[in-house]
Amino acid sequence: MKSVLRILTIALLLLPLYAAADDDERQLARDAVHANKKLVVAENMDLSDSEKQAFWTVYEDYQKDLGKLYERTASLIEEFAVNFENLSDDKASEFLDTYLKIEADEVKLKKDYVSKFKKVLPPQKVVRYYQVENKIDAIINFDLVDKIPLAHKDGS
Numbered sequence: 001m002k003s004v005l006r007i008l009t010i011a012l013l014l015l016p017l018y019a020a021a022d023d024d025e026r027q028l029a030r031d032a033v034h035a036n037k038k039l040v041v042a043e044n045m046d047l048s049d050s051e052k053q054a055f056w057t058v059y060e061d062y063q064k065d066l067g068k069l070y071e072r073t074a075s076l077i078e079e080f081a082v083n084f085e086n087l088s089d090d091k092a093s094e095f096l097d098t099y100l101k102i103e104a105d106e107v108k109l110k111k112d113y114v115s116k117f118k119k120v121l122p123p124q125k126v127v128r129y130y131q132v133e134n135k136i137d138a139i140i141n142f143d144l145v146d147k148i149p150l151a152h153k154d155g156s
């Protein structure tokens with residue numbers, strides 16, 4: 001698991017670049033994070049030769065769909081960063097509704113892919129994969145905590 005942290009640390013160093021970059025630089029950062037994430041998954045899945053091709057095909061599809069949700073989240077964070085100092089009640093409610101919709105869509109996506117992963121892996125390895133994904137998400141979210149300001153209290 002220590003190698004997981006090393007690889008993710010490298011990926012996390014790219015997150016500030018991702019947030020401040022133009023589209024080409026963002027794509028490079030996205031590609032680097034994706035490549036590092038794939039290394040972490042590969043290192044922790046212990047896939048047999050017969051499982052590898054089918055798993056990686058489903059994995060890539062899942063990551064593409066997950067990437068769309070991450071883009072929505074990044075847009076929401078960027079918009080919040082622009083507005084957080086003068087956040088009206090209406091805008092705060094809008095942000096919250098959007099955030100909860102993205103979260104619900106992510107849960108639905110995860111549920112939808114369980115059956116796809118179970119077609120190519122035994123259930124224990126599917127659980128392991130979701131655990132690895134959850135750990136990666138937790139590390140990324142932990143890093144983002146410091147970068148996203150809290151909304152002001154009572155409009156102040």
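According to our numbering, the stretch in the sequence shown is residues 1 to 156, in order.
C-beta atoms are modelled at their ideal positions from N, C-alpha and C, and glycine is treated no differently.
Please read these numbers as outputs of a predicted model, since none were measured by experiment.
Measure the alpha-carbon distance for D90 versus D97 and round it to whole angstroms.
Translated into the one-based positions of the sequence shown, residue 90 becomes position 90. Translated into the one-based positions of the sequence shown, residue 97 becomes position 97. When rounded, the distance between both Cα atoms is 11 Å.
When you compare the CB positions of F117 and Y129, do they come within less than 9 Å of one another, or not?
The residue you call residue 117 lines up with position 117 of the sequence shown. The residue you call residue 129 lines up with position 129 of the sequence shown. In this structure, Y129 lies closer than 9 Å to F117 by Cβ.
State the DSSP-derived secondary structure class of S93, mapped to helix, strand or coil.
Looking up residue 93 in the sequence shown gives position 93. Note: S93 maps to helix in three-state DSSP.
Cβ-Cβ separation, V41 to V132 (assumed contact under 8 Å), whole Å:
Walking along the sequence shown from the start, residue 132 turns up at place 132. Walking along the sequence shown from the start, residue 41 turns up at place 41. Rounded, the Cβ-Cβ distance is 6 Å, consistent with contact.
For P123, which of helix, strand or coil comes out of DSSP?
Residue numbering aside, residue 123 sits at position 123 when the sequence shown is read from its first letter. If DSSP states are grouped into helix, strand and coil, P123 belongs with the helices.
DSSP three-state label for L100, please.
Locating residue 100 in the sequence shown gives position 100, counting from the first residue. Helix.
Whether I102 touches L66 by CB criterion (9 Å)
Stepping through the sequence shown from its first residue, residue 102 is reached at position 102. Stepping through the sequence shown from its first residue, residue 66 is reached at position 66. No. Outside cutoff.
Should D86 and F95 be called a contact, given that it needs their Cβ atoms to be closer than 9 Å?
Here residue 86 is taken as the residue at index 86 of the sequence shown, counted from 1. Here residue 95 is taken as the residue at index 95 of the sequence shown, counted from 1. Going by the sequence as given, residue 86 is Asn instead of Asp. Result no, Cβ atoms of N86 and F95 do not sit closer than 9 Å.
Just checking my contact of L69 with D105 at CB under 8 Å: how many whole Å lie between their CB atoms?
The residue you call residue 69 lines up with position 69 of the sequence shown. The residue you call residue 105 lines up with position 105 of the sequence shown. Yes, they are in contact, since the Cβ atoms of L69 and D105 sit about 6 Å apart, within 8 Å.
Three-way DSSP call (helix, strand, coil) for L47 in this model:
Position 47 of the sequence shown, counted from the first residue, corresponds to residue 47. If DSSP states are grouped into helix, strand and coil, L47 belongs with coil.
Tell me the DSSP secondary structure of S75 in three-state form.
For the purposes of this step, residue 75 is taken as residue 75 along the sequence shown, with counting starting at 1. It is helical.
With C-beta atoms as the reference, is L47 less than 9 Å away from K125?
Here residue 47 corresponds to residue number 47 of the sequence shown, with the count starting at 1. Here residue 125 corresponds to residue number 125 of the sequence shown, with the count starting at 1. Yes, these two residues count as a Cβ contact at 9 Å.
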